[in-house]
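Peer 1: Sharing a structure, written as structure tokens. Questions coming.
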Amino acid sequence: MRALWYTLAIVLVDQVTKVIVKSTMRLGESISVVGDVFKWTFTENPGMAFGMELWDGEPIGKLLLSIFSVVATVAIFFYLRHVRDAPAGYRVSLALILGGALGNVIDRVFYAEIWGYGHIFFGKVVDFVHLDVWSGYPPDWLPIWGGKYVALFPIGNIADLAIIAGVVGVLVTQKAFQEYVHDRNRPATPEAVTVVDEPVVAEPHTDPAPPPVV
1 MRALWYTLAI VLVDQVTKVI VKSTMRLGES ISVVGDVFKW TFTENPGMAF
51 GMELWDGEPI GKLLLSIFSV VATVAIFFYL RHVRDAPAGY RVSLALILGG
101 ALGNVIDRVF YAEIWGYGHI FFGKVVDFVH LDVWSGYPPD WLPIWGGKYV
151 ALFPIGNIAD LAIIAGVVGV LVTQKAFQEY VHDRNRPATP EAVTVVDEPV
201 VAEPHTDPAP PPVV
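Residue numbers for the sequence shown follow the UniProt record's numbering, so the first one is 1 and each next one is one higher.
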């Protein structure tokens with residue numbers, strides 16, 4: 001599937017940038033790219049999106065999160081194979097989501113072992129893309145984030161950006177995909193049968209037998 005080339009490109013760019021950041025920056029270090037709005041800020045996320053963790057960061061929660069991430073990534077791959085005849089835009093969008101998911105799975109599964117701070121399945125996701133538009137403390141009545149420090153655009157990475165782009169692409173191409181599903185599930189109409197008239201073969205002419213001679 002040609003769409004998987006997009007997946008491979010996302011994984012390569014994501015992993016190369018993470019290795020560069022982790023090898024050349026200190027944890028918490030920030031480098032300005034565009035003033036104070038856009039920066040490279042090196043952080044590590046042990047949990048899910050927005051830093052949320054299962055079981056308050058207990059090891060079992062981290063392990064389950066890593067396993068779930070692997071299962072979800074495999075499911076996306078097989079779904080992409082299932083719709084390999086779908087419109088190109090839809091398949092490319094899924095390939096971007098798959099690339100982003102796989103990029104972060106590599107961090108969660110292998111990084112603790114590779115970088116020497118833990119065991120397999122207990123890695124932290126390397127984040128560094130920092131769009132600093134707004135940050136603060138939402139009101140306490142807000143579910144999940146109430147009373148906690150929240151950034152409007154949390155620090156992410158290339159994999160996160162690919163997932164966001166893929167989700168947007170899936171929404172944009174949803175109409176074309178629904179038409180594809182409708183056409184694929186439409187019952188096949190029987191082909192018209194052309195009746196060919198067979199030539200009429202005339203019976204051979206035979207004269208009546210002559211009367212008997214008396």
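The beta-carbon is built from N, C-alpha and C at its ideal position, and this holds for glycine as well.
Kindly identify the DSSP beta-bridge partner or partners of D127.
Peer 2: T43
Peer 1: I need the DSSP call for A9, collapsed to helix, strand or coil.
Peer 2: helix
Peer 1: I need the DSSP call for V34, collapsed to helix, strand or coil.
Peer 2: strand
Peer 1: Below 8 Å on the Cβ atoms is my contact criterion, and I expect S69 with G166 to pass it. Report the Cβ-Cβ distance as a whole number of Å.
Peer 2: No, S69 and G166 are not in contact; Cβ-Cβ is about 16 Å, not under 8 Å.
Peer 1: Contact defined as beta carbons within less than 8 Å: I believe H182 pairs with S30. What is the distance between those atoms, to the nearest angstrom?
Peer 2: Going by Cβ atoms, the distance from H182 to S30 rounds to 50 Å, so no, they are not a contact pair.
Peer 1: Across which residues does DSSP place A151 in a beta bridge pair?
Peer 2: S135.
Peer 1: Which residues in the same chain as V11 place their Cβ atom closer than 7 Å to its Cβ, once the five residues preceding and following it in sequence are excluded?
Peer 2: G99, L102, G103
Peer 1: In terms of residues, what are the limits of the alpha helix (DSSP H) holding A165?
Peer 2: Annotation: the continuous alpha helix (DSSP H) that includes A165 extends over 158-172.
Peer 1: Can you tell me whether residue 220 is buried or exposed? The criterion is at least 16 other CB atoms within 10 Å of its CB, across all chains shown.
Peer 2: Residue coverage of the chain in this structure runs from 1 to 214, which leaves residue 220 outside it and unanswerable.
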